[in-house]
Amino acid sequence: APFEGESSMRRDYQPPPASAFQSSQRLGRPGEGDASSAERVGFEGESSMRRDYRMPSREEMREAVGVQSARSGSREPGGSARAPFEGESSMRRDYQPPPASAFQSSQRLGRPGEGEASSAER
Numbered sequence: 001a002p003f004e005g006e007s008s009m010r011r012d013y014q015p016p017p018a019s020a021f022q023s024s025q026r027l028g029r030p031g032e033g034d035a036s037s038a039e040r041v042g043f044e045g046e047s048s049m050r051r052d053y054r055m056p057s058r059e060e061m062r063e064a065v066g067v068q069s070a071r072s073g074s075r076e077p078g079g080s081a082r083a084p085f086e087g088e089s090s091m092r093r094d095y096q097p098p099p100a101s102a103f104q105s106s107q108r109l110g111r112p113g114e115g116e117a118s119s120a121e122r
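Now the structure itself:
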């Protein structure tokens with residue numbers, strides 16, 4: 001039986017009236033021959049990232065790299081000695097492989113098409 005209801009998207013988000021589209025067409029698109037497009041002013045604001053997170057100076061970066069190298073015992077400037085990962089990924093924890101018996105039973109059944117003559121060989 002075909003669906004005879006109404007989705008919540010169609011119920012809650014009705015399209016605007018056709019007049020809304022007509023009024024936007026009368027205004028024209030920016031940059032299409034209107035005089036105001038030549039007088040546009042660029043953005044003169046500041047993002048919160050640029051305001052709140054100051055880029056460190058070269059000296060501060062060199063100091064930080066030197067401190068890290070001394071802590072990690074690395075002899076190369078800027079290098080770091082990493083300890084090997086000693087944990088378990090969530091993929092390996094959550095998705096255990098099937099038991100070996102599952103593979104053995106699938107081999108006994110054979111793959112689809114094995115042992116049958118293909119249509120080209122007939």
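In our numbering, the protein residues as written are 1 to 122. For glycine and all other residues, C-beta sits at the position ideal for the given N, C-alpha and C. Please read these numbers as outputs of a predicted model, since none were measured by experiment.
With DSSP as the reference, label residue i as helix, strand or coil.
{"i": "residue 103", "result": "helix"}
{"i": "residue 90", "result": "helix"}
{"i": "residue 83", "result": "coil"}
{"i": "residue 58", "result": "helix"}
{"i": "residue 66", "result": "helix"}
{"i": "residue 8", "result": "helix"}
{"i": "residue 51", "result": "helix"}
{"i": "residue 21", "result": "helix"}
{"i": "residue 39", "result": "helix"}
Just to confirm my understanding: we take residue i, look at its own chain, exclude 5 residues before and 5 after, and list those with CB closer than 8 angstroms. What are they?
{"i": "residue 44", "result": "none"}
{"i": "residue 56", "result": "64"}
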